[in-house]
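Peer 1: Right, I'll just put the structure down here and ask away after.
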Amino acid sequence: MILVVAEIKDGAARKVALEILAEARRLADAKGMKVGVLALGTLGGGESDRLAQHGADRVLQVSTEALGAYAPEEWAEAVRAAVDAAKPELVLFGGSALGKDLAPRAAARLRVGLASDCVGFEWDGDSLIARRPIFAGKAFARVGWNAARPRMATVRPNTFRPLTADASRKAAVESITPGQVKVRARVAGLEAGDEEVADLTEAEIIVSGGRAMQGPENFEILRKLCKALGATLGASRAAVDAGWIDHSHQVGQTGKVVNPTLYFAVGISGAIQHLAGMSSSKTIVAINKDKEAPIFKIASYGIVGDLYQVVPALTEEVEKIRKE
Amino acid sequence: MNVVVLVKQVPDTETKIQVKDGSVDLSGVKWIVNPYDEFAIEEALRIREKLGAGKVTAVSLGPDRVKEAIKYALSLGADEGVWLKGDGVALGDPLAVATVLAAAAKKIGFDLVLTGKQGVDSDWSQVGPMVAELLDLPHVSVVVGLELDAAAKKGVAKREIEGGLERVEFELPAVITAQKGLNEPRYASLKGIMAVKKKVIPEWSLADIGVDPASVGPEAAGVRVIDAALPPPRSAGKVLEGDPHDTARELVRLLRDEAKVL
Chain A
1 MILVVAEIKD GAARKVALEI LAEARRLADA KGMKVGVLAL GTLGGGESDR
51 LAQHGADRVL QVSTEALGAY APEEWAEAVR AAVDAAKPEL VLFGGSALGK
101 DLAPRAAARL RVGLASDCVG FEWDGDSLIA RRPIFAGKAF ARVGWNAARP
151 RMATVRPNTF RPLTADASRK AAVESITPGQ VKVRARVAGL EAGDEEVADL
201 TEAEIIVSGG RAMQGPENFE ILRKLCKALG ATLGASRAAV DAGWIDHSHQ
251 VGQTGKVVNP TLYFAVGISG AIQHLAGMSS SKTIVAINKD KEAPIFKIAS
301 YGIVGDLYQV VPALTEEVEK IRKE
Chain B
1001 MNVVVLVKQV PDTETKIQVK DGSVDLSGVK WIVNPYDEFA IEEALRIREK
1051 LGAGKVTAVS LGPDRVKEAI KYALSLGADE GVWLKGDGVA LGDPLAVATV
1101 LAAAAKKIGF DLVLTGKQGV DSDWSQVGPM VAELLDLPHV SVVVGLELDA
1151 AAKKGVAKRE IEGGLERVEF ELPAVITAQK GLNEPRYASL KGIMAVKKKV
1201 IPEWSLADIG VDPASVGPEA AGVRVIDAAL PPPRSAGKVL EGDPHDTARE
1251 LVRLLRDEAK VL
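Chains as they are written, first to last, in my numbering: chain A, 1 to 324; chain B, 1001 to 1262.
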């Protein structure tokens, strides 16, 4: 079996879980394996069927009551208990903040190998090979696991496309009961940011500003473009280190590595650390007044011009086609 | 409070990565302290300064060159450093690395282990939580704010998640991994740099920390890198120049009709 670990929010699995299910299905079908989902939290009505429709054969669930707010020790034990019950060959986690925190704890608990932030998988006979970025995407490594089972991996969001729902598929919910563990760290509260906006690592469209933004106030024109596009705001290290915008917006080697469908680099010259973090974006747009800026060498489309004129004009044009 | 800081040496982030014969060619690379570990070192020093007591010990695992990373931590103000010789350790396997670091931290003794949220070379983001699990301790990762109550042996950490922050309450001892934003790392003072010359850095082998070489060697490695390659090169596309309104209109048309991303 291939087991997909799904974070549950308000009864529903995160989008990345459906993305991973599609890849799990492909890998399982090649080997005649089953696909399971481990839901960490109580599923809402119809959600187990939705998971089945997107590729799951079995749905295991640890209830929200059994788990409580996120606590790495307790949740790693839940993963261990599910592995014990389902004996999977491979466990896939979403590369979310929670998945990246939980997976290494669970892997150490089971003393098995974990490949992080994978963007591709292939069978080589009975060996599985994962592909993952290293040096923030300046290079890619192929990695393999030793004989210990299950193999574990976290998968980068936005990498795989969910399957089209097959309405004929259904799955019953099987309950998993973790063992008792000491819990000495637990989430006690949230300081939510803008919930309406997708995180950089999950965003379909990103608009990033760099040194040429000149100050925090000028990011306002980028926020307007973001709003028109439904995009998430990013920034270069130069803009973050200047204190114009919070580091949680930073794209690059000491920030987030992103792979949206569409990336706008506005007033960003294209330092190597920044290019590393965004060069796997499907389409890259550069807006810069310097025609020689390195960013143009990798941009799918570029506008040479003053961003203070180009960006508002662009926002207007996007609003026009969005209305159509 | 005694703090152990786990420090990794990595290629400078300015490095243009080259691949030779299927592996990353690191010859001639400039080595630096992992940027996220710098936040960990800084936080350890601030904790000691705030409490006016305790000890900061910087630990690094790897070949001879990693002594430079330990010296850097000492120059910033760490009290002691320990070099863990990497002979026979599968340094490409986070579980093996965490096993060695956990054993060393245990031998040193601590109330808190601090390290970066990830190394900016292999980008595994695994070692901190693994060390915690192997030592049966709580952990909080990707931390941008940390408050400790040494007397009550507990703390509160703010951890970065999608679109916000989580407040995590934890008990000490614990393992914390640092994210950018936790603090503003200091620079080494001349006095600090001079003081390093007098420090002796103990060299510990696996035997010194009671780790069975077979448990952390290449045969035991949970994951191994098969090979590496550069990403397919991107070529320059269409560049528009001229009136801002005309170029903006043309760009939107291209994004919609040609790239089909709008």
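Virtual Cβ for every residue (Gly too), placed ideally from N, Cα, C.
Assuming A/Glu217 is part of the beta strand (DSSP E), what are its boundary residues?
Peer 2: That residue, A/Glu217, is in no beta strand (DSSP E); it is neither H nor E in DSSP.
Peer 1: What are the start and end residues of the beta strand (DSSP E) that includes A/Phe264?
Peer 2: Taken as a continuous stretch (DSSP letters only), the beta strand (DSSP E) holding A/Phe264 covers 262-266.
Peer 1: Give the secondary structure of B/Asp1227 by DSSP, where H, G and I count as helix, E and B as strand, and everything else as coil.
Peer 2: DSSP places B/Asp1227 in strand when its eight states are reduced to three.
Peer 1: If A/Ser116 and B/Asp1123 are in contact, beta carbons under 8 Å, what's the gap, nearest whole angstrom?
Peer 2: Contact flag correct, Cβ pair sits at about 7 Å.
Peer 1: For chain B, is any of its Cβ atoms less than 7 Å away from the one on A/Tyr301?
Peer 2: Closer than 7 Å to some Cβ of chain B, the Cβ of A/Tyr301 qualifies, so yes.
Peer 1: For a contact defined as C-beta to C-beta under 7 Å, what are the partners of B/Arg1268 on chain A?
Peer 2: Since the first and last residues shown for chain B are 1001 and 1262, residue 1268 of chain B lies out of range.
Peer 1: A/Gln180 to A/Glu77, Cα distance in whole Å?
Peer 2: Rounded to whole angstroms, A/Gln180 to A/Glu77 spans 8 Å at the Cα level.
Peer 1: Roughly how many angstroms lie between the CA atoms of B/Ser1235 and A/Ile205, to the nearest whole one?
Peer 2: Cα-Cα distance, rounded: 21 Å.
Peer 1: Taking 7 Å as the threshold (beta carbon to beta carbon), is B/Gln1126 in contact with chain A?
Peer 2: At least one chain A Cβ lies under 7 Å of B/Gln1126.
Peer 1: Please confirm if B/Phe1110 has its CB atom under 7 Å from at least one CB of chain A.
Peer 2: No - not a single Cβ of chain A is within 7 Å of the one on B/Phe1110.
Peer 1: Output needed for B/Ile1193: all residues of its chain with C-beta closer than 7 Å, excluding positions within five of it in sequence on either side, in chain order.
Peer 2: Excluding positions up to five away in sequence, the list reads Ser1075.
Peer 1: State the DSSP-derived secondary structure class of A/Ile129, mapped to helix, strand or coil.
Peer 2: Reduced to three states, the DSSP call for A/Ile129 is strand.
Peer 1: Within 7 Å of any Cβ in chain A, is that where the Cβ of B/Met1194 sits?
Peer 2: Chain A contact via Cβ: absent.
Peer 1: Just the chain A side, please: which residues come within less than 8 Å of B/Met1130 by C-beta, in chain order?
Peer 2: Within chain A, the residues near B/Met1130 are Pro104, Arg105, Ala107, Ala108.
Peer 1: How should B/Lys1071 be labelled, buried or exposed, when 16 other C-beta atoms within 10 angstroms of its C-beta is the threshold for buried?
Peer 2: Buried is the call here.
Peer 1: For A/Asp306, which residues of its own chain have a beta-carbon under 8 Å away from its beta-carbon, when the five flanking residues on both sides are left out?
Peer 2: Within the same chain, A/Asp306 has close Cβ partners Lys289.
Peer 1: Take A/Val197 as the anchor and find which of A/Ala228, A/Lys170, A/Trp145, A/Ala188 has the nearest alpha-carbon.
Peer 2: Out of A/Ala228, A/Lys170, A/Trp145, A/Ala188, A/Ala228 has the C-alpha closest to the C-alpha of A/Val197.
Peer 1: Under the DSSP definition of a beta bridge, which residues are partnered with A/Tyr301?
Peer 2: Beta-bridge pairing links A/Tyr301 to A/Val285, B/Lys1238.
Peer 1: Would A/Glu324 and B/Arg1249 be called neighbours here (beta carbons separated by less than 7 Å)?
Peer 2: Not in contact: A/Glu324 and B/Arg1249 (Cβ atoms no closer than 7 Å).
Peer 1: Starting from B/Phe1170, find everything on chain A with Cβ-Cβ shorter than 7 Å and list it in chain order.
Peer 2: Chain A residues near B/Phe1170: Arg184, Ala185.
Peer 1: Can you list, in chain order, the residues of its chain whose CB lies under 7 Å from that of A/Glu122, leaving out five sequence neighbours each side?
Peer 2: Same-chain partners within the cutoff: Ile129.
Peer 1: Bridge partners for A/Ala39 per DSSP, in chain order?
Peer 2: Per DSSP, A/Ala6, A/Gln61.
Peer 1: Starting from A/Phe296, follow the alpha helix (DSSP H) in both directions and report where the run begins and ends.
Peer 2: Careful: A/Phe296 lies outside any alpha helix (DSSP H) and carries neither H nor E.
Peer 1: Can you list the beta strand (DSSP E) stretches of 3 or more residues lying completely in the segment 1056-1133 of chain B, in chain order?
Peer 2: The qualifying runs are 1080-1085, 1112-1116.
Peer 1: Please state the DSSP three-state secondary structure of A/Gln53.
Peer 2: Note: A/Gln53 maps to helix in three-state DSSP.
Peer 1: Exposed or buried, A/Ala44, counting other C-beta atoms within 10 Å across all chains shown (16 or more means buried)?
Peer 2: At residue 44 of chain A the sequence reads Gly, which differs from the Ala that was named. So A/Gly44 ends up on the exposed side.
Peer 1: Can you list the residues of chain A that B/Thr1115 reaches, using a CB-CB cut of under 8 Å?
Peer 2: What B/Thr1115 touches in chain A: nothing, since even the nearest Cβ is about 12 Å away.
Peer 1: Chain B beta carbons: is any one of them nearer than 7 Å to that of A/His247?
Peer 2: It does: the Cβ of A/His247 has a partner Cβ on chain B nearer than 7 Å.
Peer 1: Is the beta carbon of B/Glu1169 less than 7 Å from the beta carbon of B/Val1156?
Peer 2: In this structure, B/Val1156 lies closer than 7 Å to B/Glu1169 by Cβ.
Peer 1: Would you mind telling me which residues of chain B sit closer than 7 Å to A/Ser63, beta carbon to beta carbon, in chain order?
Peer 2: Correct list: empty, because the minimum Cβ distance to chain B is about 21 Å.
Peer 1: Could you name the residues of the same chain whose beta carbon sits closer than 7 Å to that of B/Leu1137, not counting the 5 residues immediately before and after it, in chain order?
Peer 2: Correct list, in chain order: Pro1173, Ala1174, Val1175.
Peer 1: Looking only at its chain, what residues have a beta carbon closer than 8 Å to the beta carbon of B/Asn1183, apart from the 5 residues adjacent to it on each side?
Peer 2: Closer than 8 Å at Cβ, skipping near neighbours: Phe1039, Glu1042, Glu1043, Arg1046.
Peer 1: Let's test the definition: count the other Cβ atoms within 10 Å of the Cβ of B/Ala1098 and tell me whether it reaches 16, buried, or not, exposed.
Peer 2: Buried, because 16 or more other Cβ atoms sit within 10 Å of the Cβ of B/Ala1098.
Peer 1: Here's a check: name, in chain order, each residue in its chain whose Cβ is nearer than 8 Å to the Cβ of B/Val1252, leaving out the five neighbours to either side.
Peer 2: Correct list, in chain order: Leu1262.
Peer 1: Can you tell me whether B/Pro1185 is helix, strand or coil according to DSSP?
Peer 2: The answer is coil: DSSP assigns B/Pro1185 none of H, G, I, E or B.
Peer 1: Does B/Val1144 come out as helix, strand or coil in the three-state DSSP assignment?
Peer 2: It is a strand residue.
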